[in-house]
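Residue numbers (our numbering): 116 to 236. Ideal Cβ placement from N, Cα and C applies to all residues, glycine included. One structure below.
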C-alpha cells in the first residue's frame with residue numbers, strides 16, 4: 116500500500132486513505148457492517164486538507180448504503196485535535212481509549228484515524 120515515504124499529491128493521499136478505510140471495514144462482522152460504525156475518533160494535525168480528505172472518504176462510505184457519520188455530531192465524530200489538542204505520540208492511544216470507552220458505554224464499533232504527520236515538528 117505505502118512505501119513509507121511521504122505522499123505529496125492530494126489525490127494519492129485520498130486513494131491511500133480510502134484503501135486503508137476499506138481494509139479496516141473488512142474487519143467488521145456482517146452485523147456491524149449493516150449498522151455501521153458507532154463513532155470515529157480522528158486527528159488531522161489541524162490541517163484542513165486532511166479533514167477534507169476524511170469528509171470525502173466518509174461521503175463515499177455513506178454512498179455505499181451505510182449510515183452517514185456527521186462530523187457535526189460530537190458523539191459520533193470525535194476530533195481529538197479540537198477536543199484534546201496535540202497529544203503527540205500518544206494521540207493514537209488516546210483515540211483508542213476514547214473508542215473503547217464509547218463502545219463499552221454506548222455499544223457499537225469505533226474507528227480511530229490518525230492523520231498526523233510524524234515528520235512535522
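Who pairs with residue i in a beta bridge, going by DSSP?
| i | result |
| --- | --- |
| residue 155 | 192 and 226 |
Return the chain-ordered list of same chain residues with a C-beta closer than 7 Å to the C-beta of residue i, the five sequence neighbours on each side being excluded.
| i | result |
| --- | --- |
| residue 209 | 195, 199 and 202 |
| residue 129 | 168 and 171 |
For the alpha helix (DSSP H) holding residue i, just list the boundary residues, first then last.
| i | result |
| --- | --- |
| residue 142 | Element bounds for residue 142: n/a, residue is neither H nor E. |
| residue 220 | 206-221 |
| residue 164 | 163-178 |
How would you call residue i, buried or exposed, if buried means at least 16 neighbouring beta carbons within 10 angstroms?
| i | result |
| --- | --- |
| residue 176 | buried |
| residue 206 | buried |
| residue 216 | exposed |
| residue 204 | exposed |
| residue 151 | buried |
| residue 173 | buried |
| residue 212 | exposed |
| residue 214 | buried |
Closer than 6 Å by C-beta to residue i: which residues in its own chain qualify, once you throw out the five before and the five after it? Chain order, please.
| i | result |
| --- | --- |
| residue 183 | 177 |
| residue 197 | none |
| residue 165 | 159 and 230 |
Ordered along the chain, which non-local residues of its own chain (more than five positions away) have a Cβ less than 8 Å from that of residue i?
| i | result |
| --- | --- |
| residue 185 | 191 and 192 |
| residue 147 | 223 and 224 |
Assuming residue i and residue j make a contact with CB atoms under 8 Å, what is their CB distance in whole Å?
| i | j | result |
| --- | --- | --- |
| residue 155 | residue 228 | 6 Å |
| residue 226 | residue 149 | That pair is no contact at about 16 Å. |
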